[in-house]
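Each residue of the sequence shown is one higher than the last, beginning at -12 in our numbering. Where a beta carbon is used, it is the ideal one built from N, C-alpha and C, also for glycine.
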Amino acid sequence: MQQQEILFRKTTFKLLSRADALKQSWNSYQSATLTILSSLINLHQQVSSTNNTEAAHQLEEAYAVHTQRLLYKQTQRYEKAMVQLRTRLDQWSTVIQDWHQLAIDAQRHAAKAQAIHLTNNTGTSNNDNHTAFTPPPLSSHSLIQVTSVSPAQAHQWILQLEDMYKRLYHCKRMLFLQLEDSTKEPDMATIMDQWSNEKHHHQHTITQDISDRLHLYNHIKKVIESL
């Protein structure tokens, strides 16, 4: 019985470790795309300035700049940055796929744990009335059990995070389509603001709960192993 609990606990924390790693991957992609988006905004401003007749005339007069050649180079750099952003978004989608697979694995783990729990309860219920309860002695198992998260709780956390990251990624895709839309002048400031605004993500208590539980679990596990 105790061995089963240990195995389930290890699997649960492996699932939570995967969730924490996916959160870190998300943060990495967010940082990279914000850098590209910042470059796009600067290039967009440069192109707009070069397209301005008066500004272009001043450049030609003051610096002997060939504005059409400059505009061509600026446009090329803008298009290159767009390709980089599109590539990053396509790569980012693998994180969403990994969240989906993690949710499936967590569901299977929770279902298996529940089935075994019901089986064990059924098998021992007939002896409950005849066996006096003896508190178990304090042990390494009971100490580390304090940090444990049930498979069902881990599954619920992962499901909620999968949904949150899917919605965030969908928003990124919609914002990128606005950048690609050649029929409208993109509102770069608004796009940047919405892209960078992940307030509800950073305030999400589940991500912090997972990090805290993992930190505590690994700390206690390390202490026990050193004894």
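For this session: Specify, as a first and last residue, the run of the alpha helix (DSSP H) that residue 183 falls within.
Result: From DSSP, the alpha helix (DSSP H) with residue 183 extends over 175 to 183.
Problem set entry | As assigned by DSSP and simplified to three states, the class of residue 141 | Reduced to three states, the DSSP call for residue 141 is helix.
For this session: Determine contact between the stretch 4 to 15 and the stretch 83 to 96, defined as no fewer than three beta-carbon pairs at a distance below 8 Å.
Result: Inter-segment contact for the stretch 4 to 15 and the stretch 83 to 96 is present: three or more beta-carbon pairs are separated by less than 8 Å.
Exercise. Mapping DSSP to helix, strand and coil, what is residue 80?
Worked result: In the displayed model, residue 80 falls within a helix according to three-state DSSP.
Problem set entry | residue 198 - containing alpha helix (DSSP H), residue span | Where residue 198 is concerned, the enclosing alpha helix (DSSP H) stretches over 192 to 213.
For this session: Could you check how far apart the C-beta atoms of residue 161 and residue 28 are, in whole angstroms? I think they sit under 8 Å.
Result: So it is not a contact: roughly 18 Å between Cβ atoms.
Exercise. What do you get for residue 211, buried or exposed, if any count of 16 or more other CB atoms within 10 angstroms of its CB means buried?
Worked result: By the neighbour-count rule (16 or more Cβ atoms within 10 Å), residue 211 is not buried but exposed.
For this session: Please classify residue 97: is it buried, with 16 or more other beta-carbons within 10 angstroms of its beta-carbon, or exposed?
Result: Around the beta-carbon of residue 97, 16 or more other beta-carbon atoms lie within 10 Å, marking it buried.
Exercise. Excluding sequence positions up to five away, which residues of its chain have a Cβ less than 7 Å from the Cβ of residue 23?
Worked result: Sequence-distant partners of residue 23 (beyond 5 residues in either direction) whose C-beta falls short of 7 Å from its own C-beta, in its chain, are 68, 71, 72 and 75.
Problem set entry | Backbone CA spacing between residue 37 and residue 12 [nearest angstrom] | If you draw a straight line from the Cα of residue 37 to the Cα of residue 12, it is about 38 Å long.
Exercise. Exposed or buried, residue 56, counting other C-beta atoms within 10 Å across all chains shown (16 or more means buried)?
Worked result: Label assigned to residue 56: exposed.
Problem set entry | Within 7 Å, strictly: CB atoms of residue 139 and residue -5 | Going by C-beta atoms, residue 139 is not nearer than 7 Å to residue -5.
Exercise. So is the beta-carbon of residue 207 under 6 Å away from any non-hydrogen atom of the ligand GTP?
Worked result: With respect to small molecules bound, the structure shown includes none, and the ligand GTP cannot be examined in it.
For this session: Reducing DSSP to helix, strand and coil, say where residue 170 ends up.
Result: Correct three-state label for residue 170: coil.
Exercise. Based on Cα-Cα distance, which residue from 175, 0, 157 and 213 lies nearest to residue 83?
Worked result: Among 175, 0, 157 and 213, the Cα nearest to that of residue 83 is on 157.
Exercise. Between the C-alpha atoms of residue 288 and residue 19, what's the straight-line distance to the nearest angstrom?
Worked result: Look at the range of the chain in this structure, -12 to 214, and you will see that residue 288 is not part of it.
For this session: Please go through the same chain and pick out, in chain order, the residues whose beta-carbon is closer than 8 Å to the beta-carbon of residue 205, but skip the five residues on each side of it.
Result: There are no such residues.
Exercise. Residue 124 to residue -8, Cα distance in whole Å?
Worked result: Because the pLDDT at residue 124 is just 48, under 50, the model does not fix this residue reliably, and the value given afterwards should be weighed accordingly. One alpha carbon belongs to residue 124, the other to residue -8, and they sit about 16 Å apart.
Problem set entry | Through-space distance from residue 15 to residue 0, alpha-carbon basis | One C-alpha to the other measures close to 22 Å.
Exercise. For residue 176, which of 170, 184 and 169 has the nearest alpha-carbon?
Worked result: Selected option, being the one with the closest Cα: 184.
For this session: Could you work out which residue in 197, 169, 61 and 65 is closest to residue 142 when comparing CA atoms only?
Result: The shortest Cα separation from residue 142 among 197, 169, 61 and 65 belongs to 197.
Problem set entry | Contacts around residue 167, its chain only, beta-carbon distance under 8 Å, and the 5 residues preceding and following it disregarded | For residue 167, where only same-chain residues beyond five positions count, the Cβ hits under 8 Å are 69.
Problem set entry | For residue 25, three-class secondary structure by DSSP | Helix, per DSSP.
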